[in-house]
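Before any comments, here is the structure.
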Amino acid sequence: MAELVDRLAQVGRFTAVPAWQRFAYWCAALLVLSGLFHVGVYLADGGPWEGPLSWRKPIVFGLSFGLTVATLAWVLGFVHPRRAVAWVLVAVLAVASVGEVALISLQTWRGVPSHFNESTPFDETVFSLMGLLVTVLVVVTVLVTLWSFFAIDAPASLALAIRAGLVLMLVGQAVGVQMIVEGGNTFGAAGALKVPHALTLHAVQVLPALALLLLASDWPERQRVRVVGLGIGGYAVLIVAALAQTYAGRAPLDLGPGVSLLALAGVALLAASWLVAVRRLTTSLHRSPDPSHGT
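Sequential numbering from 8 applies to the sequence shown in this note's numbering.
Here it is in structure tokens:
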């Protein structure tokens, strides 16, 4: 286990972390802790999980934004920004994310909906500010995504995973914008926009994690790229299925045969890529004690 941690730390460049990245990681940890704290509140207080007024929102947004801040800061480490530029980007990212989650938590503790709530001038101001902060996050994501296509210091497999994850994240943010335009989560009769929204947002964690497992193995880079491509294909098919289901106006579990086949194909391809990566890494760990082997 220690050898696995050493390999992942080395290939993921977690061993020498600059100050701006540490700041982002601490902010990400704060957001995750906020989400976990509200899990405890939910267990103690009860109440509905779904609906506009639920402890689910500070839980989900705290955990999701924490992962996003940490991931984008990690990705920035591969494009080597100047220190001043890096500080500006992570500061804007962290402040906007903490502010967004804080406002959502505030409204939940006040006992009022956080989203699409314009019942009082204060609530309207809070929702408008939330929209502004999300816009800032989208701008930062666009900048990091574009940067990753022009200057990224990473093996081909990891670069491919990062770029694909960032592009899919932008798709998720576009779906989020549509939720604001629609005035809620529902599209058509029963389509749930939050399903493709959540699925696309976290491709930037799932795909690079797959690439890191492969980098920690002793496989040649060409084979790593193929497996990452398989994972990206599976994730993309899964997203297409979620989008098709949503824009058909059907509830998430009201699956037709076509969407069911797409979803199963996507899950199968993604699962296969992960199984291949885990199996190859396990074989590599048994074969060679050198933690730098295969990087």
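Backbone N, C-alpha and C fix where the C-beta goes; we use that ideal spot for every residue, glycine too.
- In this structure, A80 sits away from A16, with a CB-CB distance that is not shorter than 8 Å.
- For A199, DSSP records a beta bridge to T193.
- Here L214 is not near G265, since their CB atoms are 8 Å or more apart.
- In the same chain as G73, and ignoring 5 residues on each side of it, the C-beta atoms closer than 6 Å to its own belong to A35, L38, V39, in chain order.
- By alpha-carbon distance to A163, the top candidate from L113, L221, A272 is L221.
- The C-beta of A77 has 16 or more other C-beta atoms within 10 Å across all chains shown, which makes the residue buried.
- In terms of Cβ geometry, S135 and V82 do not form a close pair [threshold 8 Å].
- Non-local C-beta neighbours of G256 in its own chain, meaning closer than 7 Å and more than five positions away in sequence, comprise F194, G195, A196, A197, G198, ordered along the chain.
- Below 8 Å, too few C-beta pairs join the stretch 183-190 and the stretch 227-242 to call them touching: fewer than three.
- Taking a C-beta distance under 8 Å as the contact criterion, E107 and F68 qualify as a contact pair.
- The three-state reading of DSSP puts A258 in coil, since its state is none of H, G, I, E or B.
- Here DSSP, grouped into helix, strand and coil, assigns S71 to helix.
- Nearest Cα to D261 within the set A248, V178, P88: A248.
- Excluding the 5 residues flanking it on each side, V232 has same chain C-beta neighbours closer than 7 Å at A163, S164, L167, in chain order.
- In chain order, I66 place their CB closer than 7 Å to the CB of V46, counting only its own chain and leaving out the 5 sequence neighbours on each side.
- Per DSSP, G47 is one residue of the alpha helix (DSSP H) stretching across 26-52.
- The C-beta of R90 has fewer than 16 other C-beta atoms within 10 Å across all chains shown, which makes the residue exposed.
- Along the stretch 79-167, the alpha helix (DSSP H) occurs as fully enclosed runs of 4 or more residues at 90-117, 128-157, listed in sequence order.
- With a cutoff of 8 Å on beta-carbon distance, S126 and L110 are scored as not near each other.
- Nearest neighbour of L177 by Cα position, chosen from W94, G191, V151, V202, turns out to be V151.
- Assigned with DSSP and collapsed to three states, S61 falls in coil, not helix or strand.
- Non-local C-beta neighbours of S291 in its own chain, meaning closer than 6 Å and more than five positions away in sequence, comprise S224, D225, ordered along the chain.
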